[in-house]
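Heads up: the sequence shown begins at 0 in numbering that gives the first Met the number 0, then just goes up one per residue. Just so you know, even glycine gets a beta-carbon here, dropped at the ideal spot from N, CA and C. Since this is a predicted model, take the numbers as computed values, not measurements. For reference, the structure is listed below as structure tokens.
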Amino acid sequence: MELHNLNDIAAFVASVDTGSFTAAARQLGLTRSAVGKSIVRLESRLQVRLLNRTTRSLSLTDDGRVLYERCVGILQDLDEVEEALAFRRSTPSGRLRMSLPVALGRLHVVQHIERCLRDWPSLAIDATFSDRLVDLIDEGFDLAIRIGPPKEDSGLLTRTVAYQQMITCASPDYLNEHPAPQTPEDLAGHACLHFVSGGRLLPWNFRVNGQPVPVIHAGRLQMDSAEALHQATAAGLGIATLPSYVVNDDLRSGKLVQLLAEYAEAAEPIRVIYPSKRHLSPKIRLFIDRLVEAWSPAPWE
0 MELHNLNDIA AFVASVDTGS FTAAARQLGL TRSAVGKSIV RLESRLQVRL
50 LNRTTRSLSL TDDGRVLYER CVGILQDLDE VEEALAFRRS TPSGRLRMSL
100 PVALGRLHVV QHIERCLRDW PSLAIDATFS DRLVDLIDEG FDLAIRIGPP
150 KEDSGLLTRT VAYQQMITCA SPDYLNEHPA PQTPEDLAGH ACLHFVSGGR
200 LLPWNFRVNG QPVPVIHAGR LQMDSAEALH QATAAGLGIA TLPSYVVNDD
250 LRSGKLVQLL AEYAEAAEPI RVIYPSKRHL SPKIRLFIDR LVEAWSPAPW
300 E
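Shown next as structure tokens:
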């Protein structure tokens, strides 16, 4: 759409709203003649009559009423875009409450929080570290970071900010004393270090011949902390399946060795979820934008 077309629409809507070309001209800062020419130009372009004109009043034709209703929506949308862009330039302030997964939050989100607090002196952050699924609305959180595919969260928006890969691994010392498993079935003869959540062991998920295969072989040690399992694995106590954001540095250095890579499940999304609002506050939007920027690519990839 050319700019004069938009100006013609604004003149048309203002004329209908005010009831005269003179009042519309005063509202738009134009001359009465300029408003009249905009209406004529619009009618000529559309090849319909939009207004019934008398010396005392203006009234809409049927075609004019259809166009008016659509044009009002267009101008409102443009106002909202301008408002949103102005809002986008605002500086984050106030208190931002967030829920973070324990290991991911401590290892990779805290440093992002520190940068945001340094850059935005008017911002305060309350961070809760928990692996349970919090209710953002009932518990008053502005955002949460979750791992895995989206759930049916009514009234919530989601944005994928990175991915994690579950990696089965062991230390070289452990593998010097135990033959490395070649298939998921071989794990039955190994010391398997499982993560515990909500009082139950979480299975290790593999893919065999295109089909998902969950595996649980409870060993002598199980924990509800991914970081503690990482330490136990690095110490040679057994095999664990842990997120890439926990073990990637040790894989690079050789302190841990990846096992059964050909049977690994696909990477899972790491998502930020937040309540649906017409205009997202700068503290939420800019925190998420910066997280996406910091994790593109993610430091553990």
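Taking Cβ positions, are residue 192 and residue 228 nearer each other than 7 Å? Residue mapping note: residue 192 aligns to position 193 of the sequence shown, counting from 1. Residue mapping note: residue 228 aligns to position 229 of the sequence shown, counting from 1. Yes, the pair counts as a contact, with Cβ atoms nearer than the cut-off.
Residue 0, buried or exposed, once every other Cβ within 10 Å from all chains shown has been counted against 16: Within the sequence shown, numbered from 1, the residue matching residue 0 stands at position 1. Only weak support exists for where residue 0 lies, its pLDDT of 43 falling under 50; the value from the coordinates is given anyway. Residue 0 should be labelled exposed.
Does the distance from the C-beta atom of residue 235 to that of residue 172 stay below 7 Å? The residue given as residue 235 occupies position 236 in the sequence shown. The residue given as residue 172 occupies position 173 in the sequence shown. Result yes, Cβ atoms of residue 235 and residue 172 sit closer than 7 Å.
Selection from 274, 35 and 197 that minimises the alpha carbon distance to residue 15: What you label residue 15 is simply residue 16 of the sequence shown in a count that begins at 1. Taking only the C-alpha atoms, the option nearest residue 15 is 35.
Tell me the DSSP secondary structure of residue 75 in three-state form. Residue mapping note: residue 75 aligns to position 76 of the sequence shown, counting from 1. In the structure shown, residue 75 sits in a helix (DSSP, three-state: H, G or I).
Would you kindly check if the distance between the Cβ of residue 269 and the Cβ of residue 73 is under 7 Å? Counting from one through the sequence shown, the residue named residue 73 turns up at place 74. Counting from one through the sequence shown, the residue named residue 269 turns up at place 270. Cβ atoms of residue 73 and residue 269: not closer than 7 Å.
By DSSP's criteria, residue 193 is part of a beta bridge. Which residues make up the other side? Translated into positions along the sequence shown, residue 193 becomes position 194. Its beta-bridge partners are 221.
Neighbourhood of residue 271 by C-beta, 6 Å cutoff - its chain only, sequence neighbours within 5 removed: The residue given as residue 271 occupies position 272 in the sequence shown. Within the same chain, residue 271 has close Cβ partners 142, 144, 158, 160 and 287.
Take residue 40 and list the residues in its own chain whose beta-carbon comes closer than 7 Å to its own, dropping the five residues that flank it on each side. For the purposes of this step, residue 40 is taken as the residue at position 41 of the sequence shown. Only 7 meet the Cβ criterion.
Looking at the unbroken beta strand (DSSP E) that takes in residue 240, where does it start and where does it end? To locate residue 240, count along the sequence shown from 1; it is residue 241. Start and end: 238-242.
How would you write the range of the alpha helix (DSSP H) that residue 173 sits in, first residue to last? Locating residue 173 in the sequence shown gives position 174, where the first residue counts as 1. Start and end: 171-176.
Helix, strand or coil for residue 104, going by three-state DSSP, please let me know. As a first step, residue 104 must be located in the sequence shown, where it is residue number 105. In the structure shown, residue 104 sits in a helix (DSSP, three-state: H, G or I).
Is the separation between the beta-carbon of residue 302 and that of residue 281 shorter than 7 Å? Any property of residue 302 remains undetermined from this structure, which presents the chain solely from 0 to 300.
To which residues of the same chain is residue 57 closer than 8 Å at the C-beta, ignoring the five residues directly before and after it? Taking the first residue of the sequence shown as 1, we reach residue 57 at position 58. Correct list, in chain order: 14, 15, 18, 19, 20, 50 and 51.
Boundaries (first-last residue) of the alpha helix (DSSP H) holding residue 21: Numbered from 1 along the sequence shown, position 22 holds the residue referred to as residue 21. That run of the alpha helix (DSSP H) goes 20-27.
Looking only at its chain, what residues have a beta carbon closer than 7 Å to the beta carbon of residue 274, apart from the 5 residues adjacent to it on each side? Reading the sequence shown from its first residue, position 275 is the one you call residue 274. Once the five neighbours on either side are set aside, the close Cβ partners of residue 274 are 135, 136, 154 and 155.
Just the C-alpha distance for residue 168 and residue 113, rounded to the nearest angstrom, thanks. Locating residue 168 in the sequence shown gives position 169, counting from the first residue. Locating residue 113 in the sequence shown gives position 114, counting from the first residue. Each residue's Cα considered, the two are about 31 Å apart.
Can you tell me which of the three DSSP states residue 291 falls into? Numbered from its first residue, the sequence shown carries residue 291 at position 292. Helix, per DSSP.
Please report the distance separating the alpha-carbon of residue 11 from that of residue 283. As a first step, residue 11 is located in the sequence shown; it is residue number 12 there, counting from the start. As a first step, residue 283 is located in the sequence shown; it is residue number 284 there, counting from the start. Roughly 39 Å separates the two Cα atoms.
In three-state terms, what does DSSP make of residue 126? In the sequence shown, counting from the first residue as 1, residue 126 sits at position 127. Strand at residue 126.
Can you round the beta-carbon distance between residue 195 and residue 164 to whole angstroms, since I take them to be within the 8 Å contact cut? For this step, residue 195 is matched to residue 196 along the sequence shown. For this step, residue 164 is matched to residue 165 along the sequence shown. No, residue 195 and residue 164 are not in contact; Cβ-Cβ is about 21 Å, not under 8 Å.
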